[in-house]
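J.: First the structure, then my questions, so here it is.
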Amino acid sequence: MASEANIQRLNKDLYHFEIVDYVVFSSMLLLSALTGLYYGCRSKYCKSESGQTLSEYLTGNRNLKPFPVALSLIASYVSGVTILGTPSDIYLFGTQYWLIVISIWLSGLVVSTVYLPVFLKLQVHSSYEYLELRFSSVVRTIASVFFVLDEVMFLPIIIYVPSLAFNQVTGINIHLIGTIVSVVCVFYTFMGGLKAVVWTDSWQVIAMFISVVLVVILGSISVGGPSVIIDLTSKGNRFDFFNSNPSMYERYTIFSVIIGGFSYWTCFNSVNQTMVQRYLSLPTERQSKISVLIFTIGVSGFVWICCYAGILVYATYYGCDPLSMGRIQADDQILPLFVMETVGHLRGVPGLFIAGVFGAALSSLSVVLNSTAQVFLEDFLKGCMKMTLSERIATIVVKAVILVLGIIAVGFLYVVEHMGGVLAMASSLSAIAASVSCGMFTLGMLIPWANSYGAIAGAISGAVMSGLVSFGGQFVSAAKLVVAHRLPVFVNDSCFEKYGIPNDTTVTPIIYPDESDIFPLFRLSFMWITPIGVISVLLVGMIVSLLTGKTDMRSMDPELISPVAKWMLPAEAQRYAGSAIRKARNREILENENMVQVQMITIREMSPSEMRKTS
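First residue of the sequence shown: 842, per my numbering; consecutive thereafter.
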């Protein structure tokens, strides 16, 4: 490996922004803040005659449009992890992951036909309210806790990855830029609510698409065109679309990518509050399905481009691996390095690219902040604790949660920087919560005889199984007991010709330990975490439900069951159509009436001076 001093000398003039780049990047942050300020100033704080209600703040009054909502849905998944992690994975492990595009399309079909109609029919306040209607408040609380833990763990990763890229091209401290971006995101989410989130997501996604596509096109031209990229990728044995190895230990196979990818995408897109919240912001089922279709087209196209960027980067650095040569310190820095070395001389383009990466991070972070605040209000305070809050107090609570989550995101930046393998780690942590929640929803919507005991037992078993695979895998990976088998890289004369690296520099070979004594579940590919969790929930849930007494399907509200499973319900169930949601709403009305009566009694007991102060 080349000496550190030599590398610093070689890169001295490479990693920096021009003034134009800083202007482009700053404009993205400024426009985001102004969007939040615009929608915030439509509230009572700026215009007393046009106050923004809590419903408008959290759901946009369920009157948004399909296209911006679809762009916001894309923003929910596409983050800096996708933009920086996907190309590095293709670079290191080959093109097998590219088949994830098929999984995305299959997932979109299942979401729109199995899960979406149930949520739209019920019009729940949060997706987890369904679990109380179908099972019990305990099941709802379990799913809500998993959701919050998942989002809290994912918050710092959302910010850390683009901060790493910005540090790569500017040298600015990761914690400083991460803090600045987090503050901007918290500001516009705090001020503008869901409308600010959706509209900011929309133009951020457009900027993200433009930046990545522009970099890919210019990079392809600089390498020599697609034919050169395909030729060099083939020479490096990176093309591998049909790895049919049945081993579940191998990172990517056709089975793990299709089955595992389908499970993960379906779990994330079908029942996660960050997604359901936007589905319910549209006025009709048809418009919601249109937004899912646009989302599927957009996100599959973007992931395809990110995969192509992986082979583009490999062709660019064919014969001179930047990580082996010490030119970068982490896998996820390879795309920013590529951007600076191929299009860095074009003023404004690096700034546009980093703005796109941060736009993806901002959009993902804002969605998490808004959705988690709603879950805290609806599922913990109102659902679990049975608190009845006035709209003013509820709004204060929601905004306080957003502020606290922003502080947590910044604080955890100091932790996540010591953890490697961003894409695998993020997917592993999210897969636990996603598989357990998705398993419970699937049990409720597709298995009419399942009961609360089955859902709780299934959730526990799913968490244990997916947790063993995920955290066990992270432990053995950190201890170097299991090392992902990367495709080989090599060094030729191009390292000296292009970058001045001495010809005698060699690639340090990776030592792969003997994994035969490792507990089998710890060795599994992270792609299997979600399907294992979901299957565990379903199997245990069905068995326990049968042992503890099946739910009486004759008195079940058919609106709680997915359209594809209603054929299992007896005809008598139709008499109870709509009963579950009517019962829940009547209870809310009664609680609100009781709260109003308490407030009126309090006002009557106040002295005239106290009443004047209150008014």
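Every residue gets a Cβ at the ideal spot worked out from N, C-alpha and C, and that includes glycine.
Under a Cβ-count criterion, where at least 16 other Cβ atoms within 10 Å of its own Cβ denotes burial, should Leu-950 be classed as buried or exposed?
T.: Along the sequence shown, one-based indexing puts residue 950 at 109. The residue in question, Leu-950, is exposed, as its Cβ has fewer than 16 Cβ neighbours within 10 Å.
J.: Going by DSSP, what residue range makes up the alpha helix (DSSP H) through Phe-1194?
T.: Start at 1 with the first residue of the sequence shown, and residue 1194 comes out as number 353. That run of the alpha helix (DSSP H) goes 1190-1216.
J.: Are there 16 or more other CB atoms within 10 angstroms of the CB of Phe-858, so buried, or fewer, so exposed?
T.: Counting from 1 along the sequence shown, the entry for residue 858 is found at position 17. It counts as buried.
J.: Given the structure, does Ala-984 come close to the ligand ZN, in the sense that its CB is under 7 Å from one of the ligand's heavy atoms?
T.: What this structure holds is no ligand at all, so the ligand ZN is not there to describe.
J.: For the candidate residues Asn-1084, Leu-1379, Leu-1134, whose alpha-carbon lies nearest to that of Ile-945?
T.: Residue numbering aside, residue 945 sits at position 104 when the sequence shown is read from its first letter. Comparing Cα-Cα distances from Ile-945 to each of Asn-1084, Leu-1379, Leu-1134, the minimum goes to Leu-1134.
J.: Going straight from the alpha carbon of Met-795 to that of Ile-1352, what length do you get?
T.: Residue 795 lies beyond the stretch modelled for the chain, which goes from 842 to 1456, so this question has no answer here.
J.: Work out the CA separation of Gly-1101 and Pro-1087 for me, nearest whole Å.
T.: The residue you call residue 1087 lines up with position 246 of the sequence shown. The residue you call residue 1101 lines up with position 260 of the sequence shown. Distance between the alpha carbons of Pro-1087 and Gly-1101: 13 Å.
J.: Please report the straight-line C-alpha distance between Val-955 and Leu-1210, rounded to a whole angstrom.
T.: The count along the sequence shown starts at 1 and reaches residue 955 at position 114. The count along the sequence shown starts at 1 and reaches residue 1210 at position 369. Between Val-955 and Leu-1210, the C-alpha separation is close to 27 Å.
J.: To the nearest angstrom, report how far apart Val-1375 and Gly-1299 are at their CA atoms.
T.: Position 534 of the sequence shown, counting from 1, holds the residue named residue 1375. Position 458 of the sequence shown, counting from 1, holds the residue named residue 1299. C-alpha separation (whole angstroms): 9 Å.
J.: Can you name the residues that DSSP bridges to Cys-1161?
T.: Counting from 1 along the sequence shown, the entry for residue 1161 is found at position 320. Its beta-bridge partners are Val-1332.
J.: Measuring only the C-alpha atoms, how far is Trp-1369 from Tyr-971?
T.: Here residue 1369 is taken as the residue at index 528 of the sequence shown, counted from 1. Here residue 971 is taken as the residue at index 130 of the sequence shown, counted from 1. Distance between the alpha carbons of Trp-1369 and Tyr-971: 27 Å.
J.: Which whole-angstrom value describes the C-beta separation of Phe-1143 and Ala-911, a residue pair presumed to lie in contact below a C-beta threshold of 8 Å?
T.: Translated into the one-based positions of the sequence shown, residue 1143 becomes position 302. Translated into the one-based positions of the sequence shown, residue 911 becomes position 70. Rounded, the Cβ-Cβ distance is 12 Å, inconsistent with contact.
J.: Starting from the C-beta of Thr-1074, find all residues in its chain whose C-beta is less than 7 Å away, skip the five residues before and the five after it, and write them out in chain order.
T.: Indexing the sequence shown from 1 puts residue 1074 at position 233. Result list for Thr-1074: Phe-1080, Ile-1152, Tyr-1155, Ala-1156, in chain order.
J.: When the Cα atoms are used, what is the spatial distance from Leu-878 to Thr-1030?
T.: Taking the sequence shown and counting its residues from 1, one reaches residue 878 at position 37. Taking the sequence shown and counting its residues from 1, one reaches residue 1030 at position 189. Cα to Cα, Leu-878 sits roughly 9 Å from Thr-1030.
J.: Please tell me whether Tyr-1001 has its Cβ less than 8 Å away from any Cβ of chain C.
T.: No chain C is present in this structure, which holds just one protein chain.
J.: Take every Cβ of the region 986-1000, pair it with every Cβ of the region 1212-1220, and state whether three or more of those distances are shorter than 8 Å.
T.: Contact holds: three or more Cβ-Cβ distances are below 8 Å.
J.: Beta carbon of Tyr-880, beta carbon of Ala-1048: below 8 Å?
T.: Residue 880 sits at position 39 when you count from the first residue of the sequence shown. Residue 1048 sits at position 207 when you count from the first residue of the sequence shown. No, the Cβ-Cβ distance between Tyr-880 and Ala-1048 is not below 8 Å.
J.: Within a Cβ cutoff of 8 Å, which residues of the same chain sit near Val-1025, ignoring the five residues on either side of it in sequence?
T.: As a working mapping, residue 1025 is identified with position 184 in the sequence shown. Excluding positions up to five away in sequence, the list reads Leu-870, Ser-873, Ala-874, Leu-1203.
J.: How would you call Pro-1289, buried or exposed, if buried means at least 16 neighbouring beta carbons within 10 angstroms?
T.: Walking along the sequence shown from the start, residue 1289 turns up at place 448. Buried: at least 16 other Cβ atoms inside 10 Å.
J.: Compare the C-alpha of Val-865 against each of Phe-960, Lys-1339, Arg-1188 and name the closest.
T.: Here residue 865 refers to the residue found at position 24 of the sequence shown. Of the candidates Phe-960, Lys-1339, Arg-1188, the one whose C-alpha sits nearest the C-alpha of Val-865 is Arg-1188.
J.: Out of Phe-987, Ala-1291, Tyr-938, which has the shortest C-alpha to C-alpha gap to Ser-1278?
T.: What you label residue 1278 is simply residue 437 of the sequence shown in a count that begins at 1. Minimum Cα distance to Ser-1278 is reached at Phe-987.
J.: On the DSSP letters alone, give me the boundaries of the alpha helix (DSSP H) that Glu-1182 sits inside.
T.: The residue labelled residue 1182 in the question sits at position 341 within the sequence shown. 1175-1183 is the span of the alpha helix (DSSP H), which, as asked, contains Glu-1182.
J.: Pull up the distance between the alpha-carbon of Phe-1367 and that of Gln-1415, whole angstroms please.
T.: Position 526 of the sequence shown, counted from the start, is the residue given in the question as residue 1367. Position 574 of the sequence shown, counted from the start, is the residue given in the question as residue 1415. Taking the straight line joining both Cα atoms gives about 43 Å.
J.: Less than 8 Å between the C-beta atoms of Leu-1284 and Thr-1183, yes or no?
T.: Taking the first residue of the sequence shown as position 1, residue 1284 is located at position 443. Taking the first residue of the sequence shown as position 1, residue 1183 is located at position 342. Going by C-beta atoms, Leu-1284 is not nearer than 8 Å to Thr-1183.
J.: Using only CA atoms, which one of Ser-1122, Val-1330, Pro-1372 lies nearest to Lys-906?
T.: By 1-based counting over the sequence shown, the position of residue 906 is 65. Cα-wise, what sits closest to Lys-906 is Ser-1122.
J.: Expressed to the nearest angstrom, what Euclidean distance is found between the alpha-carbon atoms of Asp-1393 and Val-1039?
T.: For the purposes of this step, residue 1393 is taken as the residue at position 552 of the sequence shown. For the purposes of this step, residue 1039 is taken as the residue at position 198 of the sequence shown. Taking the straight line from one Cα to the other gives about 41 Å.
J.: Taking a contact to mean a Cβ-Cβ separation below 8 Å, would you say Leu-1218 touches Ala-1250 in this structure?
T.: Locating residue 1218 in the sequence shown gives position 377, counting from the first residue. Locating residue 1250 in the sequence shown gives position 409, counting from the first residue. Contact flag unset, no.
J.: Tell me, to the nearest whole angstrom, how far the beta carbon of Met-1166 is from that of Ile-931; I am working on the premise that it is less than 8 Å.
T.: Counted from its first residue, the sequence shown places residue 1166 at position 325. Counted from its first residue, the sequence shown places residue 931 at position 90. 20 Å between Cβ atoms; not a contact.
J.: Give me, in chain order, the residues of the same chain whose beta-carbon lies closer than 7 Å to that of Ile-941; leave out the 5 immediate sequence neighbours on both sides.
T.: Position 100 of the sequence shown, counted from the start, is the residue given in the question as residue 941. Once the five neighbours on either side are set aside, the close Cβ partners of Ile-941 are Val-1098, Gly-1102, Val-1144.
J.: Select from Phe-1028, Tyr-1090, Tyr-1120, Ile-1146 the residue whose C-alpha is nearest the C-alpha of Ala-1325.
T.: As a first step, residue 1325 must be located in the sequence shown, where it is residue number 484. Checking every option, the nearest Cα to that of Ala-1325 belongs to Tyr-1090.
J.: Secondary structure at Gly-1167, three-state DSSP: helix, strand or coil?
T.: Translated into positions along the sequence shown, residue 1167 becomes position 326. If DSSP states are grouped into helix, strand and coil, Gly-1167 belongs with coil.
J.: Anyone know if the C-beta pair for Ala-1272 and Ser-1311 falls short of 8 Å?
T.: Residue mapping note: residue 1272 aligns to position 431 of the sequence shown, counting from 1. Residue mapping note: residue 1311 aligns to position 470 of the sequence shown, counting from 1. Yes, the pair counts as a contact, with Cβ atoms nearer than the cut-off.
J.: So, at 8 Å on beta carbons, what are the nonlocal neighbours of Ile-1169 in its own chain, with the 5 sequence-adjacent residues on each side left out?
T.: Position 328 of the sequence shown, counted from the start, is the residue given in the question as residue 1169. Same-chain partners within the cutoff: Gln-1009, Pro-1163, Ile-1175, Leu-1178.
J.: Out of Phe-976, Leu-1055, Lys-962, Leu-1388, state which residue places its alpha-carbon closest to the alpha-carbon of Tyr-1149.
T.: Here residue 1149 corresponds to residue number 308 of the sequence shown, with the count starting at 1. The residue with the shortest Cα to Cα distance from Tyr-1149 is Leu-1055.
J.: Which first and last residues belong to the alpha helix (DSSP H) in which Glu-1111 is found?
T.: Here residue 1111 refers to the residue found at position 270 when the sequence shown is read from its first residue. The sequence as given places Ser at residue 1111; Glu does not occur at that position. It spans 1102-1111 - the alpha helix (DSSP H) in which Ser-1111 sits, taken as one unbroken run.
J.: Give every residue of the same chain whose Cβ lies closer than 6 Å to the Cβ of Thr-1115, excluding the five residues on either side of it in the sequence, and list them in chain order.
T.: Taking the sequence shown and counting its residues from 1, the one referred to as residue 1115 is at position 274. So the qualifying residues of the chain are Ser-917, Val-1208, Ser-1212.
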